[in-house]
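Okay, structure first, notes after.
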Amino acid sequence: MNKLFFTEEHDLFRENFRAFLEKEVRPHIEQWEADREVPRSIYKRFGEMGFMGVTYPEKYGGMGLDTFFAVVYTEEMIRMNSSGFNTSIGAHAGLALAHINGEGSEAQKEKYLTAGLKGELIGCLAITEPEAGSDVAALKTKAVKNGDHYVINGSKTFISNGVLSDYIIAAVRTGDKGAQGISMMIIERDRQGVSASKLKKLGWHASDTGEIAFDNVKVPVENLLGEENQGFFYIMQHFVSERLAMALIAVSQAQLAIDLALEYMAQREVFGRPISKFQVLRHRIAQMLAEVTSSKAFVYTLYKQYHEGEYIIKEAAMAKLITTQLSDKVTYECMRIFGGYGYMEEYPMARLLRDSQLGTIGGGTSEVLCEIIAKMTIDTKQYKAAIKH
Ligand SMILES: Cc1cc2nc3c(=O)[nH]c(=O)nc-3n(C[C@H](O)[C@H](O)[C@H](O)COP(=O)(O)OP(=O)(O)OC[C@H]3O[C@@H](n4cnc5c(N)ncnc54)[C@H](O)[C@@H]3O)c2cc1C
771 MNKLFFTEEH DLFRENFRAF LEKEVRPHIE QWEADREVPR SIYKRFGEMG
821 FMGVTYPEKY GGMGLDTFFA VVYTEEMIRM NSSGFNTSIG AHAGLALAHI
871 NGEGSEAQKE KYLTAGLKGE LIGCLAITEP EAGSDVAALK TKAVKNGDHY
921 VINGSKTFIS NGVLSDYIIA AVRTGDKGAQ GISMMIIERD RQGVSASKLK
971 KLGWHASDTG EIAFDNVKVP VENLLGEENQ GFFYIMQHFV SERLAMALIA
1021 VSQAQLAIDL ALEYMAQREV FGRPISKFQV LRHRIAQMLA EVTSSKAFVY
1071 TLYKQYHEGE YIIKEAAMAK LITTQLSDKV TYECMRIFGG YGYMEEYPMA
1121 RLLRDSQLGT IGGGTSEVLC EIIAKMTIDT KQYKAAIKH
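Sequential numbering from 771 applies to the sequence shown in my numbering.
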């Protein structure tokens, strides 16, 4: 199947990127998991190597590579077995920079995309609020225009890179209630009235997840990202690539769980023989592998459609829906193959299992994705792309 989607250049990139990760990331993962964050130096290192978002335009320091390099990139990141680490890089390079690249003015791109791709300025994307998660249109953080600036009041929660980032791309209310009155705003961390604190959580330990408060924060009108009151539509559009990425992460996690289980099965002996000889485990692996391989084919196909410019909002929702559930199932079953060792922190499965659980929640819960699929299928609702790249 891989030959249908990947060329020799993709394979070479995989080899180089894997070598970089093995040398400069793998040895530090345990420490970063314990620290509950990654150091700023790793962003710099990614930037120096050109690994901060491989598809961004060369003009701003990106590699300008095609979508399947990004697929290779994500698959290799997941092999490090730390969604916290992957999210620390991804919330900046995949979320914050995607909004800058998509809707930013030339001046904003010059500043944030250029420094962001060097790993010098780190961003986060803050949409969720204590009372507005799935229902994005209910968000309340208010930005009131006053001459040449906005005054922002409100709060955000569950924000990846919410404490360590240098700037926040925040969804704020600039207009009436509902989807029509939302705008995106760049809010620098050092502005007076911005404060943040870290949250404790089940998994994604190497990722800093924060709560952010805005107390009469003044930002110049130039910090508006894109057009006023178009924020909701930008968010929905970016959800397509975010959900596709989350689907890819999910199948990659499931594949990693199977690979680790196979390794363990070959060396663990019980009742005088390797557990890989027990038919029940062999069939369990075979079943999971069949499900993961077919899901991967679906995800790769969607990446191809996305690469060709199709607006695959429904299909991306479907992919995230099935793959995140599959990842939860496979990581759980593979954890059990390790017996008691599966439950131990010294072995890889405990982290993989807990990290997988966020898949069905972040970037649109499974229930919300079903709503989208149902509306588009049963009510024949159509969504149009807000931005043309
Ligand atoms: C570790 C972590 C990192 C995150 N990072 C970010 C980030 O970087 N930026 C950001 O903006 N957000 C981030 N989030 C937030 C995440 O996107 C939200 O948690 C998610 O969208 C769900 O919102 P909620 O938590 O408010 O749940 P709610 O919306 O309160 O949902 C509660 C329950 O109700 C269900 N539900 C909701 N609506 C419907 C419906 N119409 N029909 C049926 N059931 C429904 C949900 O599926 C869920 O089971 C992060 C969250 C976590 C946990």
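We put the CB at the ideal spot given by N, CA and C, even for glycine.
The C-alpha of S1136 lies about 19 Å from the C-alpha of A908. Under the DSSP assignment, A983 falls in the beta strand (DSSP E) whose first and last residues are 979 to 990. In this structure, DSSP gives G834 a state outside helix and strand, which the three-state scheme calls coil. The continuous alpha helix (DSSP H) containing S1126 extends over residues 1119 to 1126. A residue is called buried once 16 or more other Cβ atoms fall within 10 Å of its Cβ, and T844 is buried on that count. Beta-carbon to beta-carbon, M847 and R796 are separated by about 11 Å, too far to satisfy the 8 Å threshold. Sequence-distant Cβ neighbours of A896 in its own chain, meaning closer than 8 Å and more than five residues away, are K926, I929, G932, I938, I939, A940, A941, I982.
The three-state secondary structure of A1024, taken from DSSP, is helix. Annotation: L865 to F1048 spans about 44 Å, alpha carbon to alpha carbon. Residue pairing by DSSP places R1043 opposite V1040 in a beta bridge. In this model, Y882 and L867 are separated by some 8 Å (Cα to Cα). Our two residues, F1002 and I1045, have alpha carbons roughly 52 Å apart in a direct line.
Counting only unbroken stretches of 3 or more residues, the beta strand (DSSP E) elements lying wholly within the stretch 912 to 936 are 912 to 916, 919 to 930, in sequence order.
Taking 9 Å as the cut-off, the Cβ atoms of N999 and T911 do not count as close. DSSP places R1106 in the helix class (H, G or I) of the three-state scheme. Per DSSP, the unbroken alpha helix (DSSP H) holding G872 starts and ends at 867 to 873. Going by beta carbons, H862 and S935 fall inside the 9 Å limit.
Using a Cβ distance threshold of 9 Å, I1005 and M954 count as a contacting pair. A distance criterion of 8 Å places the beta-carbon of T844 beyond contact range of ligand 1, judged by its closest non-hydrogen atom. Distance check between H1053 and each of Q962, I1142, E1103, T1094 places E1103 closest, using alpha-carbon atoms only. For the 9 Å CB-CB criterion, I957 and V987 form a contact. Distances taken from the Cβ of K971 to the heavy atoms of ligand 1 include one shorter than 8 Å. Taking a contact as a CB-CB distance under 8 Å, the pair S852 and R1121 counts as one, their CB atoms being some 7 Å apart. By the 16-neighbour rule on beta-carbons within 10 angstroms, F816 is buried. In this structure, the beta-carbon distance from K1154 to T837 does not fall below 9 Å.
Fewer than three Cβ pairs drawn from the stretch 826 to 833 and the stretch 785 to 794 lie within less than 8 Å of each other, which leaves the two stretches out of contact. Among the bridge pairs identified by DSSP, A941 is matched with M954. The beta carbon of D1098 sits no closer than 8 Å to any heavy atom of ligand 1. Here the alpha carbons of V1062 and Q1025 stand approximately 7 Å from one another.
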